[in-house]
Structure formats: C-alpha cells, structure tokens
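Some notes on the structure that comes next.
Numbering (my numbering), first residue to last: 21 to 290.
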C-alpha cells in the first residue's frame, strides 16, 4: 500500500488491543437496501460507508450517462480496475435512495451510534440532507485532504473529499475518545484494488467511534477497507457488496486480516 502522508497529530495507526477480542465478520452479497431491511433493530454500533457518489460531472448527463470508471479514472491511468454499479442516479433519486438507506441503518443502530458517510463537494449538501432526513443528528463535516491530487490550472485544486457524520441521539460522553477533525492521506496506489479505495490508515481512525467489541456496518463494502480497519481495531464487521467481483476482493482481504498472525482469531460468520 502506498505510504500515507501524515502529520503527527493526524493519521496515526492505533495500537492493537492487548487482549484479542472476538473479531469476526459477515459479508452479505447483494443489494444494500434489501440487506439492510433484514438486519435486526439496534444490532450495530457504528455505520461507516462510502456509497457511490453519483457525481463526477457538472451536468445531469455527466452524472447519469457514464460509468464509475469513466467518471473517476483518468484516461492515462496505469491501472485497469473493475467498474462498480450504482453510479447512474439523478440528484432527486440519489437523495431519496440514500435517505432510505440511512433510515434503515438508523433503525439497525444502537443509541449513541455514529454514522460516517463519505461524499464529494458536489454531493455534500445532498448527503447531509439525506443523513438528517433519516433521523441522524448531523454533527459535522470532516475533510479528507489528498496531497497527491493533481493541481488545477487557473484555480484551486480539488484535493478534498468529505465525511458527513451524525449521531443517533447523542454522543456517548462516557468514552475517553478524541479524534482529529480532518485527515491528510493520499489514496492507495501500490496494491490498489478499487477505483475509489480509501486508505486503511484513515479508516482505522474512523472505526474507533465504534466501542471496543462492537459492530461496524458498511452497506457499500467495496474492496473491504472499512472491514479490514474494523477487524484490525478489534471490532466486528457487517458488510454488504453488490458487485460479485468486489465482494470476492473484500472476502479475500477480510480473511487475510483474520489470519494475519498465522492463526485464526475468529471465523467468518454465515
């Protein structure tokens, strides 16, 4: 994985728990909304996800008429990573769809659970609307700054994505937890397996909003970075992935994380 550029107070990999917690994962293959409706009430302690942005253009046709690869990969890119589905909604249907998803995630979450949803500058207003319409108390926007972004001739470069976050009820103020208000990290390059893959180093910070031994839910698992970070931090993980290709990639990464120390800490749940 490409080395992450960081400031000392920024992306710091938390230490492994001293005692092995019962780490495990469940990876559902299928549509996120369908699977979310099947989850029990109050069964997860955090929702951390990177949904398809349905962005990548200034016009409706730009957003709805192109594949994910066409939107987010430059023509001279060296990699040939697979496309992913769900990138062709217009603005109104995107807000309606995301609101329904986050509503189901809210139902499946316990009191004090935190939801963190990645977005870009175009969809930031819509994402914050969907979060609030689903019942979450919108609590802030966290910038993720990517130093390796290309400069933009004639103006500022677009070097940031954002994490919209909210709480079910209120934050648990009994926890001794303090996280940064922004992150500085480049997208993975070496060993990259997904078009929009997020750095595990950042995800390891975010999953700490889930109490130790709790469960992190990611309805858009992709290549499994959220799950890898959750397992590494001693949390359980529930993921959903529609793409058969990326579900296979995520499964491989999650299994590898569980067996990283050459012994099985916990098996994948059915």
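C-beta atoms are modelled at their ideal positions from N, C-alpha and C, and glycine is treated no differently.
The model shown is predicted, which means the values in this text are computed figures rather than measured ones.
- When DSSP states are grouped into helix, strand and coil, residue 111 belongs to the helix group.
- In the DSSP assignment, residue 252 falls within the alpha helix (DSSP H) that extends over 245-252.
- In this structure, residue 128 places its C-beta atom within 8 Å of the C-beta atom of residue 60.
- In the structure shown, residue 145 falls within a helical segment according to DSSP collapsed to helix, strand and coil.
- Taking a 10 Å sphere around the C-beta of residue 280, we find fewer than 16 other C-beta atoms and assign the residue as exposed.
- For the 8 Å CB-CB criterion, residue 260 and residue 52 form a contact.
- Taking the CA atoms as reference points, residue 174 sits about 18 Å from residue 180.
- Membership of residue 135 in the beta strand (DSSP E) is indicated by the continuous run 129-139.
- DSSP lists 257 as the bridge partner or partners of residue 45.
- Sequence-distant partners of residue 228 (beyond 5 residues in either direction) whose C-beta falls short of 7 Å from its own C-beta, in its chain, are 34, 197, 199, 253.
- The DSSP-derived three-state label of residue 119 is helix.
- For residue 55, the enclosing alpha helix (DSSP H) starts and ends at 52-56.
- Comparing alpha-carbon positions, the option among 241, 222, 183, 263 lying closest to residue 135 turns out to be 183.
- Linking residue 255 to residue 248 through their CA atoms gives a straight-line distance of about 10 Å.
- Using a Cβ distance threshold of 8 Å, residue 156 and residue 187 count as a contacting pair.
- Residue 43 and residue 66 have their C-alpha atoms some 15 Å from each other.
- Counting of Cβ neighbours within 10 angstroms places residue 70 among the buried residues, the total reaching 16 or more.
- Of the residues assessed, residue 242 falls on the buried side of the cut-off, its CB having 16 or more other CB atoms within 10 angstroms.
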